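Read through the structure below, which is laid out as structure tokens, and then see the notes.
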Amino acid sequence: MGDLYAIGHQLSVWFLPIILAITLHEAAHAWAADKLGDDTSRRLGRVSINPVRHVDPLGTLILPGLLLLFSPIVFGWAKPVPVNFARLGRPKRDMALVAAAGPLCNLLQAIFFAWAIVVVLPMLEGNVQAWVGYNFANAILVNLILAIFNLFPLPPLDGGRIVTSLLPRHLAYRYAGLERYGLLILLLLLFAVPLVGRQVGLDFNPVFAFVFGLLQPAVWLVAALSPIDFDLLWRIVWF
């Protein structure tokens, strides 16, 4: 029974933060694209904060749940928002704005939950307070990691699209061509590069180095925009 309780608690304090972080990230892409001239996502019902509209059964529910139970690494995805870049007012600039909307949404969620720790938690007591507090702390961590991860400069991640929009046209076209191999490249960086590195005595994961190298500055930014000082917020996130 103790093991079942531990599993249930683990799922209960991580699953909702993960689902909200992933689905609202996609909702932000849909909202930005709609505001900038492409109503494709609106016609598909994706300009919505209702997580159900963005859930991918495998990527949003099944895979994160299994990884929470059996792996120290958790990742997932929601249904990608279709964007017709040709319908945007200024396609090259607006592509970057649509891409940036997702990570920005995650940053705003992290700030929201930092405020919630100060404003909401004191209203609660006992086990309820502890459970909600775990959810809030996990939401901050998940949103910041998701925001930074998506800024990794590789298409089709948001960072890759932002880089593409900033490059001169002839370079942008070539860089955007990486998108067809983006998932394979990402998997190689996540798993193959560290594996090869360990064979020669190097413990290095380029994606993790990028994410965790920027995590502390991201926590500092959230602390600067919330009532929690950096040291306390850092301890809350890594409790």
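In this note's numbering, the protein residues as written are 11 to 249.
Glycine included, every Cβ here is placed at the ideal spot set by N, Cα and C.
These numbers were taken from a predicted model, which means no experiment stands behind them.
Which residue comes first and which comes last in the alpha helix (DSSP H) that contains residue i?
i: A202; result: First-last for A202: undefined, no H or E at that position.
i: P74; result: 73–80
i: S175; result: 168–176
i: G112; result: 101–129
i: P92; result: No alpha helix (DSSP H) holds P92; DSSP gives it neither H nor E.
i: G187; result: No alpha helix (DSSP H) holds G187; DSSP gives it neither H nor E.
Short check: CB of residue i to CB of residue j, under 7 Å?
i: A106; j: S175; result: yes
i: I32; j: G75; result: no
i: G192; j: L164; result: yes
i: A40; j: R53; result: no
i: D48; j: N94; result: yes
i: E36; j: A88; result: yes
i: N148; j: P27; result: yes
Does residue i come out as helix, strand or coil in the three-state DSSP assignment?
i: W24; result: helix
i: F240; result: helix
i: D49; result: coil
i: G143; result: helix
i: W248; result: coil
i: F85; result: coil
i: I59; result: coil
i: F214; result: coil
i: P165; result: coil
i: L251; result: Residue 251 lies beyond the residue range present for the chain, which begins at 11 and ends at 249; the question has no answer from this structure.
i: V65; result: coil
i: L54; result: coil
i: L250; result: The structure shown has nothing for residue 250, since the chain only spans 11 to 249.
Which whole-angstrom value is the C-beta distance of residue i and residue j, which I expect to be below 8 Å?
i: I121; j: L235; result: 5 Å
i: F240; j: W230; result: 5 Å
i: T70; j: I29; result: 6 Å
i: W141; j: V23; result: 7 Å
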